[in-house]
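In this note's numbering, the protein residues as written are 3 to 650.
Quick reminder that beta carbons are idealized off the backbone N, C-alpha and C, glycines included.
In this text the structure is predicted, and so the values were computed from the model without any measurement.
The structure under discussion appears below in the form of structure tokens.
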């Protein structure tokens, strides 16, 4: 090598180029995104955990809602591109959640009876934080997949769930209310992804019912359930399930089903087929071959606001065929639903309420978890002979995917933010609607053009003297117990029980009858145009939808709210039609009402209920208590009291 090359070497690169080269090497050497560590996820109490640089997967058996779990995971750092939720160790859905802040003020609008902001939330700086949620399922062609691995698996633990088994019946002559209350303990083990072994026992408790040949072992210690369930995804096709063993209601056999989420989870197609036989655990045992077919095919539409509408064509467990339309609303951790069936040539109405059972945050990781059941459900059927009842105790694909649809996630963004530790602004408060003496929102006996506050409920009692009772007038008082519920935005549903003290059913032929004559009825109203200050609204409703229709009315009503300084008022005018055949029409023709509230906690009312003039004073006191006093026909006193509870 020449000496001048060693004495005067040329630089390898210019200084700027060298700096750029070093920075580029650092970018390549340091990952742009490290991702969440599986150990950190497991430290939160999550199970079946896996993670890589862009995805995380886990099973949440600790918190009630997926958005609670997402919020706690977000405390660890930025969420990965996709978070895969697992159920029974099987991938159920992948969720991508992104937020952006839009600076500037939010236009404040009427959200419709207090509906919560879901995907647009005020932040503390005066702007708006918008949350976009995307959901994918293993049946979707663009399923992102889950990262490999499965730390802290659920198969290493067994759950013992303990809860009540409750059934009841109303309306018998000698025993007006019968009920059965047993205790049920069930061992649950998830041996591999999608599999679940269930072994339960029912411990006999209180039973008012007579011997039932369809259930001859109800007064004995008996196993229920004894079954194995398996869920699996057929990639790009559907979620399938299969189950075999002893189910509920003395049925044994097998059940298969398939469900396909569409439109990102907003629609779920679902079908099930069962083949069962009879089984009873009495001395010597009783059973028959599984030759009875039941099943259904239908679709569920998640319409938003955590509301689902389900339509099914079904063959029920007793062999009757029919269709069902159901509407369910999840409010916090509770689910409220109503349904209508046409089964066996009969029209059936009913309601279902599913209540959460504490503890609301549950321990995980122990080899044996002994806990109460997570939820307890009570339902009401307008018929108690088994018509319109589907097979119980079999796996549900809809339950497997519950609260993993976009509507359920978007509605609960505040849960995510709260779990993440954000400081939240309180939701806008909407004054609850006043309830009438007949158990629907309105005045004295007439309805209002609005509906019960969304996600609000009122339970109460009204006493109507016999002088102006709509049934047994002049003979017996009417005592009314009611529940008015804002089931959906712009939709109110009402349940009412009317009792006639002293009137014994069949008392003229059965003097020892203990059954006081009682009427059960359901009502509903839809706000077609929401009434606002200075703008009239319009609503349509039907009272006493089914049954003897002793308290029936069907109507259109318009109403105008007026706010002048601190004085508020309402005016309404409506017409009740004779569309349906009924024993009696409580509203028949033109009716109207006016209300003025000069003070915050006092409302004076006057109305014409298509028969007579009434005046009333309503006093909404603190803690949701409402007191009402009225003069029917301007002379006969009537009183009522209600308790309003916001459910959201």
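In this structure, does DSSP put residue i in helix, strand or coil?
i           : result
residue 454 : coil
residue 266 : helix
residue 171 : strand
residue 402 : helix
residue 420 : helix
residue 56  : coil
residue 177 : coil
residue 41  : helix
residue 285 : coil
residue 74  : helix
residue 411 : helix
residue 626 : helix
residue 68  : helix
residue 216 : coil
residue 436 : coil
residue 430 : coil
residue 636 : coil
residue 125 : The predicted position of residue 125 is uncertain, since its pLDDT is 44 and thus under 50; no value can be drawn from it.
residue 243 : strand
residue 317 : strand
Excluding the 5 residues flanking residue i on each side, which residues of the same chain have their C-beta closer than 6 Å to its C-beta?
i           : result
residue 27  : No answer about residue 27 holds up, because its pLDDT of 39 lies below 50 and its placement is not dependable.
residue 552 : 473, 521, 585 and 586
residue 440 : 447
residue 575 : 560 and 594
residue 208 : 183
residue 651 : Any property of residue 651 remains undetermined from this structure, which presents the chain solely from 3 to 650.
residue 668 : Nothing about residue 668 can be read from this structure; the chain reaches only from 3 to 650.
residue 71  : 62 and 65
residue 147 : none
residue 396 : 245, 249 and 257
Quick one: using the 10 Å Cβ neighbour count with 16 as the cut-off for buried, is residue i buried or exposed?
i           : result
residue 33  : Interpretation of residue 33 is limited by its pLDDT of 40, a score under 50 that renders its predicted location unreliable; the figure taken from the coordinates is listed afterwards. Exposed, by the Cβ-count rule.
residue 603 : exposed
residue 94  : buried
residue 453 : buried
residue 293 : exposed
residue 437 : buried
residue 158 : exposed
residue 580 : exposed
residue 637 : exposed
residue 616 : buried
residue 534 : exposed
residue 223 : exposed
residue 253 : buried
residue 480 : buried
residue 488 : buried
residue 195 : buried
residue 214 : exposed
residue 25  : With a pLDDT of only 41 at residue 25, under the threshold of 50, the placement of this residue in the model should not be trusted; the figure read from the coordinates follows. Answer is exposed; the Cβ neighbour count stays below 16.
residue 210 : exposed
Give me the DSSP bridge partner(s) of residue i.
i           : result
residue 191 : 160 and 199
residue 565 : 570
residue 339 : 330 and 354
residue 558 : 542 and 577
residue 61  : 49 and 88
residue 587 : 554
residue 480 : 466
residue 534 : 537
residue 206 : DSSP output for residue 206 lists no bridge partner at all.
residue 490 : 493
residue 646 : 460
residue 253 : 280
residue 376 : The partner list for residue 376 (beta bridge, DSSP) is empty, contrary to what the question assumes.
Short of 7 Å in beta carbon distance, which residues of its chain neighbour residue i, apart from the five on each side in sequence? Order them along the chain.
i           : result
residue 88  : 50, 59, 60, 61 and 94
residue 120 : Caution is warranted here: a pLDDT of 36 is assigned to residue 120, below 50, making its placement in the model unreliable, and no coordinate value can be reported.
residue 364 : 63, 64 and 373
Round the Cβ separation of residue i and residue j to the nearest angstrom and send it over; I've been treating them as touching at under 8 Å.
i           : j           : result
residue 78  : residue 134 : Wrong, their Cβ atoms sit about 21 Å apart, outside the cutoff.
residue 288 : residue 218 : 7 Å
residue 478 : residue 502 : 4 Å
residue 545 : residue 529 : Contact doesn't hold; Cβ gap of about 16 Å is too wide.
residue 355 : residue 379 : 7 Å
residue 399 : residue 241 : 5 Å
residue 319 : residue 393 : 5 Å
residue 258 : residue 275 : 6 Å
Given residue i, which residues of its chain have a CB within under 8 Å of its CB, disregarding the five upstream and five downstream residues?
i           : result
residue 601 : none
residue 228 : 200, 201, 202, 247 and 248
residue 264 : 270 and 271
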